[in-house]
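K.L.:
Protein chains: 2
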Amino acid sequence: MTRVTIKSIARDLGISHMTVSRALSNHPNVQKETREAVLKRAEELGYVRSSAAAAMRGEDTRIVGLLLPNITNEFYARYANALALECDRRALHLIIHLTNDDIRLEAEALRRLREVQARSVVMVPAPGEVDPALPADMRAIQLIRRRTEGPAILVDDSDALTAAVLQLARAGHARIGYVGAVPSLSSGHNRRAAYRAGLARAGLPFDTTLEVTGAPTHELGRTGATRLCEAGADALVCGGFEIASGALATWLEHTEGGKRVSFVGYGDTASYPWIRDGIASISVPVEALAGRTAALLAGELAPDGPDHGFKAEFVVRGSAN
Amino acid sequence: MTRVTIKSIARDLGISHMTVSRALSNHPNVQKETREAVLKRAEELGYVRSSAAAAMRGEDTRIVGLLLPNITNEFYARYANALALECDRRALHLIIHLTNDDIRLEAEALRRLREVQARSVVMVPAPGEVDPALPADMRAIQLIRRRTEGPAILVDDSDALTAAVLQLARAGHARIGYVGAVPSLSSGHNRRAAYRAGLARAGLPFDTTLEVTGAPTHELGRTGATRLCEAGADALVCGGFEIASGALATWLEHTEGGKRVSFVGYGDTASYPWIRDGIASISVPVEALAGRTAALLAGELAPDGPDHGFKAEFVVRGSAN
DNA sequence: CTGAAAGCGCTAACAG
DNA sequence: CTGTTAGCGCTTTCAG
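Shown next, in the form of C-alpha cells:
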C-alpha cells in the first residue's frame, strides 16, 4: 500500500493529476462531477497533502520551534502548554527541543530546525559568554532572557523584587540573601540590581557574602540556598524559576526544625499556596507571555524590537514574614 | 539572499551539484581537494540539508508526534521532558500537540502529523465512545490508556490502588471514596476494580455513592471530591493524574478547618511531600515509561503488542492516616 | 474546463 | 573521479 498522492488518485480516476490538484484546492475550473468524484476518492483513500512537497516549493512550513531549558519547571511547562494550545488553534506545528541551558544543545536544535525550515523559533537563550548569532533564515524570538538583539519578550520584575526585599525588611530581617543568575545575562543583571535597590531603600547594609550568582539552574538554587544559610542569612530571595525550585527544596529541609528563615520564590508554582504557610513569590504572567508570543508568531503584531510590556508582581504569603 | 542549496554551492564553485552532494555525504568518489573546497564553502555559507527534499524522496522524516491532554500536569510534563531529551539524543524531532482529551482535536493533530509524514506518534488516547482507527501510515504507541489494539505502554497500578485502600482502612476509615475515569477507558475500568478489590479485602461494604467517575479531567477531580465529601466520605482515593490535581485543590480547601478526611493522590507531584504532612499517592515510574517509549521509537525494541511491564507503587505519607 | 511542462532540493543510476 | 538524467508531490504557467 503505497502513499496516496494526487497522481495516484488521478490514475485511479483516469484523469490528469492537475485536475485532482485543482479539485482539492477548490479551484473554480473543475467540472462539478469531476470535483466531487475526486473529493470522494481522496476521502476514501485517506489522502493528505504532503507538506514536504509544499515546503520544497517554497511554501511556509508552519513549523515553529520552541527551545526551552526544560519543561518540568512549572513556568516553562505552563508557557509551553499555553503556546502549544495557541499553535494548535492557528494550525502551527510546535517542535520542542530542550536545551538544558547548554549552548551546544541549543546550536544543534537550531540547526535541525533550519533543516525542517521552521518559520520561527521561540527561545530562552542559553547562558554563555560567546554570542552565536541567531540564524537569519528563521525569525528568532527571545524569551525571558535576552542574549542578542532582535525581538524579545521580557518581563520587568524589578519593582516586584524590590518590593519583596522591602517586605522582608519590614518583617524584621536584616540579612536578606539573594540567589540569581550571573549578571552577564540580562535577567541576572537586572534582578540583582533590583535586589540591591531594595536593600538600599530599606537602609540595609550591602554584603556580598549574601549574594550568590551562577548559571541559572536548579542546582545553583540548592547550593546557593545552603551557602546563604551558612552565611547567616535570615531570608532568601530567588532570582529565577529553576533557582527557586532548587532553593525551595533546600529551604524546606533547612527550616524543618522551625528556624526562622524567610523565603521568596520565583514564578507561580501551583503548590506555593499550599506549602507551609504559603510560599511568597514573584509572580510572572505566563499566559499573557504565551499569548503575546503567539500573536507575534502569527504576524498579528509588529515583528521587531524588544517587548518589555510585562510586569511581574510580588505575591506576599506566609513565607515572607 | 536566497537559500543555500547544493546547486547554489555547485554554481559557486563551478562544478556539478552531484559532486557537491557526494562531497557532503562523504561519498568516496570525490577528489580530496574538491571535497574540502565544498565542505569549506558549505560551512561558510551555512548550508543545511533540506529535510523537505529528503522526505519527498521517501527518506524518513525523523519526526515523532506526541499527543497529550495537556502539559501542565506534572506527570505529562515530566514524561514530555524525558521523551524530549531522549528524542534530542537520537536526533528525532518531537512535535507536541495538546488534545485536551478531545477526540476531535486528537483527530486533527493526527491528520497534521500525517501531512508532515511523522514516522510515529505517541499518544494518550482521548476518551470517547467511537473508535477512530489509528492511522496506518504512522506507528501509533498508546500511552497509559488503551483505546484500540496495537502497541501500548501501560502501567499496572492495581496492586498500588488496592494497597492504598487497605492502608486507609487500617487507619480506621470506613467510608473511602473514589474518583476516577469512566470505566469505558481501560484505565478507568481497571483502577475502579482495584479500588473495589481493596474495599472487599478490607471487609468494607460497597457503596456506589462513594464512587464518582467521568471524563478524566481536573474538573472531575474538583467536583468529584466535593460530591464525595458531601456524601460523607472520610477518605479520598484518586484514579488519575488530572483528577488528582483537581481533587487535591478541593480537598485542601475542604479540610482547612482540620476535618479528618484522608487523601491519596495519583502520580509523583514534586510538592506532595511538602504539603501538609505529605500527600500520599500512587507513584508511577515516569522516566522508565519515557525510556521505554524512546527505545520503541528508535526501533531498539520489538515494535508490537502491548506492554504491561510497569508497576505503580503506593507511597504512604501523612495524608493517608 | 483540462492537460502538459517545468521546477522546488536531493540522490540513485547511468554515462562518461 | 565527475557529470547528466530522472523522479519524489505539488502548483504555476502556458496551451489547448
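Listed in order, the protein sequences are those of chains A and B. With the numbering used here as the guide, the letters of the first sequence map in order to residues 34 to 354. With the numbering used here as the guide, the letters of the second sequence map in order to residues 34 to 354. Where is the CB? At the ideal position from N, CA and C, for every residue including glycine.
1. Rounded to whole angstroms, what's the CA-CA distance from R179 of chain A to L187 of chain A? Just pull it up for me.
2. For a quick check, are the C-beta atoms of A197 of chain A and I315 of chain A less than 9 Å apart?
3. Against chain A, does A323 of chain B count as a neighbour if the rule is that its beta carbon must be under 9 Å from one of theirs?
4. Below 8 Å CB to CB, which residues in the same chain sit around H126 of chain B once its five sequence neighbours on both sides are set aside?
5. Determine, using beta carbons only, whether N114 of chain A comes closer than 9 Å to chain B.
6. From the DSSP output, in three-state form, read off T35 of chain B for me.
7. Can the beta-carbon of L100 of chain B be found closer than 9 Å to that of I42 of chain B?
8. Please confirm whether E148 of chain B has its beta-carbon closer than 9 Å to some beta-carbon of chain A.
9. Report the three-state DSSP secondary structure of G191 of chain B (helix, strand or coil).
10. Is the shortest distance between the beta-carbon of A88 of chain B and the beta-carbons of chain A less than 9 Å?
11. Does the distance from the C-beta atom of G298 of chain A to that of C262 of chain A stay below 9 Å?
12. Specify the secondary structure class of H60 of chain B as computed by DSSP and reduced to three states.
13. Using 9 Å as the threshold, is the C-beta distance between Q200 of chain A and A185 of chain A below it?
14. Roughly how many whole angstroms lie between the Cα atoms of A313 of chain B and A207 of chain B?
15. From A86 of chain B to S84 of chain A, what does the alpha carbon distance come to, in whole angstroms?
16. Enumerated in chain order, which unbroken segments of the alpha helix (DSSP H) with a length of 4 residues or greater are wholly contained in the region 73-114 of chain B?
17. Would a check of beta-carbon distances place A331 of chain B closer than 9 Å to chain A?
18. Secondary structure at I136 of chain A, three-state DSSP: helix, strand or coil?
19. Taking the beta strand (DSSP E) that S295 of chain A falls in, what are its first and last residues?
20. Identify the continuous alpha helix (DSSP H) that holds F239 of chain A and give its terminal residues.
21. N62 of chain B to R224 of chain A, Cα distance in whole Å?
22. For the alpha helix (DSSP H) that contains S278 of chain B, what are its first and last residues?
23. Ends of the alpha helix (DSSP H) at G254 of chain B?
24. Judging by CA-CA distance, which residue of B:M171, B:L72, B:E69, B:T256 is the nearest neighbour of Y211 of chain B?
25. I need the DSSP call for E346 of chain A, collapsed to helix, strand or coil.
26. Among B:T67, B:E244, B:A193, which one has its Cα closest to the Cα of A56 of chain B?
27. Give the residues of chain A in contact with A110 of chain B, contact being defined as C-beta atoms less than 7 Å apart.
28. If we ignore side chains and look at the alpha-carbon of each, how far apart do S220 of chain A and A214 of chain A end up?
29. Cβ of H287 of chain A less than 9 Å from any chain B Cβ?
30. Quick check: the region 277-294 of chain B against the region 276-289 of chain A, are at least 3 beta-carbon pairs closer than 8 Å?
31. Since M171 of chain A and L146 of chain A should fall inside the 8 Å C-beta cutoff, what is the C-beta to C-beta distance between them, to a whole number of angstroms?
32. Are the beta-carbon atoms of L143 of chain B and P168 of chain B separated by less than 9 Å?
33. Under 9 Å between C-beta atoms, does A142 of chain B make it to chain A?
34. Check this for me: beta carbons of V53 of chain B and K65 of chain B, under 9 Å apart or not?
35. Report buried or exposed for N59 of chain A, applying the criterion of at least 16 other Cβ atoms within 10 angstroms of its Cβ.
36. Residues of chain A with a CB under 9 Å from the CB of S357 of chain B: which are they?
P.N.:
Looking at the coordinates:
1. The straight-line gap separating the alpha-carbon atoms of R179 of chain A and L187 of chain A is approximately 8 Å.
2. Cβ distance < 9 Å, so A197 of chain A and I315 of chain A count as in contact.
3. No, A323 of chain B does not count as interfacial toward chain A.
4. The answer, listed in chain order, is T94, R95, I96, V97, C120.
5. Yes, its Cβ sits closer than 9 Å to a Cβ of chain B.
6. It is coil, neither helix nor strand.
7. Not in contact: L100 of chain B and I42 of chain B (Cβ atoms no closer than 9 Å).
8. Yes - at least one Cβ of chain A is within 9 Å of the one on E148 of chain B.
9. In the sequence as displayed, the identity of residue 191 of chain B is Ser instead of Gly. In this structure, S191 of chain B counts as helix in the three-state DSSP scheme.
10. By this cut-off, A88 of chain B is an interface position.
11. Not in contact: G298 of chain A and C262 of chain A (Cβ atoms no closer than 9 Å).
12. H60 of chain B: coil per DSSP, three-state reduction.
13. In this structure, Q200 of chain A keeps its C-beta atom at 9 Å or more from the C-beta atom of A185 of chain A.
14. The alpha-carbon atoms of A313 of chain B and A207 of chain B are separated by roughly 18 Å.
15. Each residue's alpha carbon lies about 11 Å from the other.
16. Fully enclosed alpha helix (DSSP H) runs of 4 or longer: 84-89.
17. Judged by the 9 Å Cβ criterion, A331 of chain B is not in contact with chain A.
18. Looking at I136 of chain A - three-state DSSP - the assignment turns out to be helix.
19. Per DSSP, S295 of chain A is one residue of the beta strand (DSSP E) stretching across 295-299.
20. For F239 of chain A, no alpha helix (DSSP H) run applies, since DSSP gives it neither H nor E.
21. Their backbone Cα atoms lie some 57 Å apart in a straight line.
22. Note, S278 of chain B: alpha helix (DSSP H), 274-287.
23. Its alpha helix (DSSP H) spans residues 251-263.
24. For the residues B:M171, B:L72, B:E69, B:T256, the minimum Cα distance to Y211 of chain B belongs to B:T256.
25. Residue state, collapsed to three classes: strand.
26. Comparing Cα-Cα distances from A56 of chain B to each of B:T67, B:E244, B:A193, the minimum goes to B:T67.
27. Near A110 of chain B (Cβ distances below 7 Å), the residues of chain A are I104, T105, A110.
28. If you take the alpha carbons of S220 of chain A and A214 of chain A, they lie about 7 Å apart.
29. Using beta-carbon distances, H287 of chain A does not count as an interface residue toward chain B, since no partner is under 9 Å.
30. Flag = no, the region 276-289 of chain A and the region 277-294 of chain B do not touch.
31. In this structure M171 of chain A is in contact with L146 of chain A, their Cβ atoms being roughly 6 Å apart against a cut-off of 8 Å.
32. Yes, the Cβ-Cβ distance between L143 of chain B and P168 of chain B is below 9 Å.
33. So yes, A142 of chain B belongs to the interface.
34. Not a contact, by the Cβ cut-off of 9 Å.
35. N59 of chain A comes out exposed.
36. This structure cannot speak to residue 357 of chain B, because chain B is shown only from 34 to 354.
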